[in-house]
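A.B. asks:
Number of protein chains: 2
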Amino acid sequence: MAKKPVKKAKEADAKPDLAEVRAQIDGIDRRIQELIAERANWAHQVGKAKGKLAAAVDYYRPEREAQVLRRVVDRNDGPLSDEVLVRVFREVMSACLAQQEPLKIGYLGPEGTFSQQAVHKHFGHSAHGLPMASIEEVFQEVAAGHADFGVVPVENSGQGTIQVTLDLFLTSPLKICGEVELRVHQHLLSRSGRIEDIERVYAHPQALAQTAGWLRTNLPKAEKIPVSSNAEGARRARNADDAAAIAGESAGLVYGLKRIAGPIEDRSDNTTRFLVLGRESFPSSGHDRTSLLVFIRDRPGALYGVLEPLARRGISMNRIESRPAHGHLWQYAFFIDVAGHCQESPLKDALDEIAEKGDEVRVLGSYPVAIL
Amino acid sequence: MAKKPVKKAKEADAKPDLAEVRAQIDGIDRRIQELIAERANWAHQVGKAKGKLAAAVDYYRPEREAQVLRRVVDRNDGPLSDEVLVRVFREVMSACLAQQEPLKIGYLGPEGTFSQQAVHKHFGHSAHGLPMASIEEVFQEVAAGHADFGVVPVENSGQGTIQVTLDLFLTSPLKICGEVELRVHQHLLSRSGRIEDIERVYAHPQALAQTAGWLRTNLPKAEKIPVSSNAEGARRARNADDAAAIAGESAGLVYGLKRIAGPIEDRSDNTTRFLVLGRESFPSSGHDRTSLLVFIRDRPGALYGVLEPLARRGISMNRIESRPAHGHLWQYAFFIDVAGHCQESPLKDALDEIAEKGDEVRVLGSYPVAIL
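Quick mapping for you: the protein sequence lines, in order, are chains P and W. Everything in the first sequence is counted per full-length UniProt numbering, starting at 1 for the first residue and increasing by one. Everything in the second sequence is counted per full-length UniProt numbering, starting at 1 for the first residue and increasing by one.
Structure representation (structure tokens):
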């Protein structure tokens, strides 16, 4: 590999020659390209090291990808943002992985949904997305091996748990091997920036739903007008003094609107959370979460019996949700998310202790905590 | 910048140690990251070299990006495909450009359309897409400066020219500064792979339209059943011997279908072509196309008078399309795409000659030929 020394940009004059700057960038690009090719060759070796050469699904290691991306964030001291750098490295990994048959990822279609965005955010654009007609079908196609992984929504902080997803885990043998979070913040924007002028509020119906409580308190008399997108609402709002739009901050910049208030979503963290489904379990990435499914007999203290071994070991619980356990002798199923990996202490010890007591606990999966 | 020598993957043993391979990849990633940061700093210098520091739109140079990507393709000798590498470098450039306010790109919404794919393909994911309600609005928002660039469909090889786009150029001051092509090939797929078994064909209505001629000739009696997506059709086809689906080849792989025939789209190159709209013209990238709008008086030989100076200089013409020129003294407008850049010979000379003759020729734009 040729390695000409590259002049540091910071050392350049305040007004460098454009041709010289471009020549420097060309040199950098050439070296980036050499390194990417080198990386792809090594990634290929990983397959060999595992003793087989096959499709991308045989190479894909979520815990390893999480570690690589965390290192990217740790190392980053600018000028690019963590988010942008993670996206670039996601694409590099996605590209290296796609040397064989690309990963096939089932998701709730149609194309263009948040679910597709989640697929690309997690697997990069070299993975092959397969839109499915229902969440149930995503489970089926992954179980049948027609898709390597699936991405399904499990929780929208504005609208709660997607119950169908949880219920499918009651009977599915699939493992959770990742999570993806997409964040959206809503703001109230208008031309004047003064709330007392506002008679009408434009937004997509979902945005209106996510901010319904705030609107009821702060703009009880304003007309709420659903439009096809928040961008459309922002566009309309810029032409009238009595109109506001609910949209992301960028829409305000774009349409020259001022922020009256925000974020105004009723749940402070307006995030859709997705789970990545696969057929196998993966080792620890060093910063993991574990989803448990616990079946509880209707006896006093049963839930406590499960939670106590966790609490005693200082294992933090992110989420607990009860569901009727259809077709089970047990009466309730609890979905519990806890910190840690099921094959590592202290979680492993807690799970062993719960099993000894005879409570039924299924590990739905241990997986890296979402990166950005 | 640290530059530890990197062991070449090819020199490694057939079964290298997994930990060692990963350490090598980590070293490569660190160096890629250093180079990307260095590149971002230099890209920042480009702005300085131009004597200002502002939004991404002031840095964006389509001719330069085209040159960078062509170099990537020229240099590529594997193992990754040109397509995958171009995508990675597109993201790197997009990231470097987004250090300031990101590019704002208007497109025909809603999100998830082909137009949005075209935006991402051309500008990368660090650009900010603005879905618009109509093609006309994309023109307006770019002209008004609310969007930096616009992406509008102009031609679908299956369904012809998008007339509204051409007509908007009749009155718009905007310049074409790029083109994007999205290719789709359709195949007839079934479980058995035998055409004589097929009684039903499932596909998205657009795919049915794009292959209507082939179906009429080859499967005149089969029932054509529109479904929500081609993937959905493929899924249905795998459960019956008498059913086929029209879909991309990857769907065949995914659903275990055999190819009966393909590509079967009626136009051999089933491509949607998009134009990138901007407010200014850009210099030559070295491999450009120019779109001309020619107004022709209703006199014999008028069109010939325009074409002859082009033909005599051996300038190849990709496309010609006539439209009634509403509100013009002239009776016809011709949209003509020719090879070359309007500021370079031989096209410049031909245009000068046409102007001397008194024919009205407007250069809608000279722009890099689409890369992949």
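Even for Gly, the Cβ is constructed at its ideal location relative to N, Cα and C.
Closer than 8 angstroms by beta-carbon distance: list the chain W residues that pair up with V138(P), in chain order.
C.D. replies: For the purposes of this step, residue 138(P) is taken as the residue at position 138 of the first sequence. Residues of chain W passing the Cβ test: none, with the nearest at roughly 12 angstroms.
A.B. asks: Since L103(W) meets chain P, which of its residues come closer than 9 angstroms, beta carbon to beta carbon?
C.D. replies: Along the second sequence, one-based indexing puts residue 103(W) at 103. Within chain P, no residue has its CB atom less than 9 angstroms from the CB of L103(W), the nearest being about 11 angstroms off.
A.B. asks: Would you kindly check if the distance between the Cβ of F139(W) and the Cβ of S172(W) is under 8 angstroms?
C.D. replies: Within the second sequence, numbered from 1, the residue matching residue 172(W) stands at position 172. Within the second sequence, numbered from 1, the residue matching residue 139(W) stands at position 139. In this structure, F139(W) lies closer than 8 angstroms to S172(W) by Cβ.
A.B. asks: Apart from the five residues on each side of it in sequence, which residues of its chain come closer than 7 angstroms, Cβ to Cβ, to L103(P)?
C.D. replies: As a position in the first sequence, residue 103(P) is number 103, starting the count at 1. Excluding positions up to five away in sequence, the list reads A56, V57, Y60, L97, F123, A127, H128, D148 and F149.
A.B. asks: Which chain P residues sit within Cβ distance under 9 angstroms of Y60(W)?
C.D. replies: By one-based count along the second sequence, residue 60(W) stands at place 60. Simply none; closest approach about 14 angstroms.
A.B. asks: Tell me the start and end of each unbroken beta strand (DSSP E) in the UniProt domain "ACT" (291 to 368) of chain P that is at least 3 residues and wholly inside, in chain order.
C.D. replies: 317 to 324, 332 to 339 and 360 to 368
A.B. asks: Given a cut-off of 8 angstroms, decide if V151(W) and I198(W) are closer than it, judged by their beta-carbon atoms.
C.D. replies: Reading the second sequence from its first residue, position 198 is the one you call residue 198(W). Reading the second sequence from its first residue, position 151 is the one you call residue 151(W). Going by C-beta atoms, I198(W) is not nearer than 8 angstroms to V151(W).
A.B. asks: Answer yes or no: does any C-beta atom of chain W fall closer than 8 angstroms to that of S190(P)?
C.D. replies: Translated into the one-based positions of the first sequence, residue 190(P) becomes position 190. Taking Cβ atoms only, chain W never reaches closer than 8 angstroms to S190(P), which makes this a no.
A.B. asks: Decide if M1(W) is buried, meaning its Cβ has at least 16 other Cβ atoms within 10 Å, or exposed.
C.D. replies: One-based indexing of the second sequence puts residue 1(W) at position 1. With a pLDDT of 39 at M1(W), under the threshold of 50, the modelled position of that residue is not reliable, and no figure is offered here.
A.B. asks: Would you check if the distance between the CB atom of K221(W) and the CB atom of L215(W) is smaller than 8 angstroms?
C.D. replies: Looking up residue 221(W) in the second sequence gives position 221. Looking up residue 215(W) in the second sequence gives position 215. Cβ distance not < 8 angstroms, so K221(W) and L215(W) don't count as in contact.
A.B. asks: Considering P131(W), what are the terminal residues of the beta strand (DSSP E) in which it resides?
C.D. replies: Counting from one through the second sequence, the residue named residue 131(W) turns up at place 131. Run containing P131(W): H128 to M132, per the beta strand (DSSP E) assignment.
A.B. asks: Consult DSSP for Y60(W) and reduce its assignment to one of helix, strand or coil.
C.D. replies: Numbered from 1 along the second sequence, position 60 holds the residue referred to as residue 60(W). DSSP places Y60(W) in coil when its eight states are reduced to three.
A.B. asks: Compare the C-alpha of A43(P) against each of L108(W), V21(W) and A40(W) and name the closest.
C.D. replies: Position 43 of the first sequence, counted from the start, is the residue given in the question as residue 43(P). The option with the nearest alpha carbon to A43(P) is V21(W).
A.B. asks: Applying the 10 Å Cβ sphere with the 16-neighbour rule, what's the burial state of N239(P)?
C.D. replies: Position 239 of the first sequence, counted from the start, is the residue given in the question as residue 239(P). Per the 10 Å Cβ criterion, exposed.
A.B. asks: When you compare only the Cα positions, how much space is there between V306(W) and Q343(W)?
C.D. replies: Start at 1 with the first residue of the second sequence, and residue 306(W) comes out as number 306. Start at 1 with the first residue of the second sequence, and residue 343(W) comes out as number 343. Each residue's Cα considered, the two are about 18 angstroms apart.
A.B. asks: What three-state label does DSSP hand E11(P) in the structure shown?
C.D. replies: As a working mapping, residue 11(P) is identified with position 11 in the first sequence. Note that E11(P) scores 47 on pLDDT, short of 50, meaning its location in the model is unreliable; the coordinates nonetheless yield the value given after this. Here E11(P) sits in helix by DSSP.
A.B. asks: To which residues does DSSP link Y107(P) through a beta bridge?
C.D. replies: The count along the first sequence starts at 1 and reaches residue 107(P) at position 107. Answer by DSSP bridge pairing, in chain order: P131(P) and V151(P).
A.B. asks: Going by other Cβ atoms of all chains shown within 10 Å of its Cβ, with 16 needed for buried, is E196(W) buried or exposed?
C.D. replies: If you number the second sequence from 1, residue 196(W) lands on position 196. Under the 10 Å beta carbon count, E196(W) is surrounded by fewer than 16 other beta carbons and is classified as exposed.
A.B. asks: Taking any Cβ of chain P, which residues in the segment 229 to 243 of chain W have a Cβ under 7 angstroms from it, in chain order?
C.D. replies: S229, A231 and E232
A.B. asks: Who are the Cβ neighbours of G365(W) in its own chain at under 6 angstroms, not counting the five residues just before and after it?
C.D. replies: Within the second sequence, numbered from 1, the residue matching residue 365(W) stands at position 365. Correct list, in chain order: K175, I176, C177 and S291.
A.B. asks: Alpha carbon to alpha carbon, how far is F335(W) from H287(W)?
C.D. replies: On the second sequence, position 335 is the one that residue 335(W) refers to. On the second sequence, position 287 is the one that residue 287(W) refers to. Taking the Cα positions, F335(W) is about 20 angstroms away from H287(W).
A.B. asks: Return helix, strand or coil for A115(P), following the three-state DSSP convention.
C.D. replies: Residue mapping note: residue 115(P) aligns to position 115 of the first sequence, counting from 1. According to the sequence provided, residue 115(P) is Ser. The question's Ala does not apply to it. DSSP places S115(P) in helix when its eight states are reduced to three.
A.B. asks: Counting only the same chain and skipping the five closest in sequence on each side, list residues whose C-beta sits under 6 angstroms from that of A12(P).
C.D. replies: Start at 1 with the first residue of the first sequence, and residue 12(P) comes out as number 12. Legend: pLDDT at A12(P) = 45, less than 50; position of this residue unreliable, no value from coordinates given.
A.B. asks: Would DSSP call H44(W) helix, strand or coil?
C.D. replies: Locating residue 44(W) in the second sequence gives position 44, where the first residue counts as 1. Helix at H44(W).
A.B. asks: Any contact between the segment 182 to 195 of chain P and the segment 227 to 244 of chain P? By contact I mean 3 or more CB pairs, one from each, below 8 angstroms.
C.D. replies: yes
A.B. asks: I need the boundaries of the alpha helix (DSSP H) containing L174(W), first residue and last residue.
C.D. replies: Taking the first residue of the second sequence as 1, we reach residue 174(W) at position 174. No alpha helix (DSSP H) contains L174(W), which DSSP labels as neither H nor E.
A.B. asks: Which word fits A203(W), buried or exposed, when buried means at least 16 other C-beta atoms lie within 10 angstroms of its C-beta?
C.D. replies: Numbered from 1 along the second sequence, position 203 holds the residue referred to as residue 203(W). Its Cβ being crowded by 16 or more others within 10 Å, A203(W) is buried.
A.B. asks: First and last residue of the alpha helix (DSSP H) that includes A261(P)?
C.D. replies: As a first step, residue 261(P) is located in the first sequence; it is residue number 261 there, counting from the start. Looking at the DSSP string, A261(P) is not in any alpha helix (DSSP H); the run it does join, the beta strand (DSSP E), is K258 to A261.
A.B. asks: Would you please state the rounded distance, in angstroms, between the beta carbons of H187(P) and I264(P)? I believe it to be under 8 angstroms.
C.D. replies: Within the first sequence, residue 187(P) is the residue found at index 187, counting from 1. Within the first sequence, residue 264(P) is the residue found at index 264, counting from 1. Taking C-beta atoms under 8 angstroms as the contact rule, H187(P) and I264(P) qualify, at a distance of about 6 angstroms.
A.B. asks: Confirm, please, whether the CB-CB distance from D17(W) to V68(P) is below 8 angstroms.
C.D. replies: Locating residue 68(P) in the first sequence gives position 68, where the first residue counts as 1. Locating residue 17(W) in the second sequence gives position 17, where the first residue counts as 1. In this structure, D17(W) does not lie closer than 8 angstroms to V68(P) by Cβ.
A.B. asks: Excluding sequence positions up to five away, which residues of its chain have a Cβ less than 7 angstroms from the Cβ of L168(P)?
C.D. replies: The residue given as residue 168(P) occupies position 168 in the first sequence. Answer for L168(P): I135, E136 and F139, listed in chain order.
A.B. asks: Counting only the same chain and skipping the five closest in sequence on each side, list residues whose C-beta sits under 6 angstroms from that of S281(P).
C.D. replies: By one-based count along the first sequence, residue 281(P) stands at place 281. Answer for S281(P): K175, listed in chain order.
A.B. asks: Starting from the C-beta of E356(W), find all residues in its chain whose C-beta is less than 7 angstroms away, skip the five residues before and the five after it, and write them out in chain order.
C.D. replies: Taking the first residue of the second sequence as 1, we reach residue 356(W) at position 356. Here the set comprises nothing.
A.B. asks: Note down the Cα distance separating A333(P) from L310(P), rounded to an integer number of angstroms.
C.D. replies: The residue given as residue 333(P) occupies position 333 in the first sequence. The residue given as residue 310(P) occupies position 310 in the first sequence. Each residue's Cα considered, the two are about 17 angstroms apart.
A.B. asks: Which same chain residues, not among the five before or five after V86(P), have their C-beta less than 8 angstroms away from its C-beta?
C.D. replies: Reading the first sequence from its first residue, position 86 is the one you call residue 86(P). Taken in chain order, the residues that qualify are L69, V72, V73, I371 and L372.
A.B. asks: Determine, using beta carbons only, whether Y304(P) and E179(P) come nearer to each other than 8 angstroms.
C.D. replies: Position 304 of the first sequence holds residue 304(P). Position 179 of the first sequence holds residue 179(P). No. Outside cutoff.
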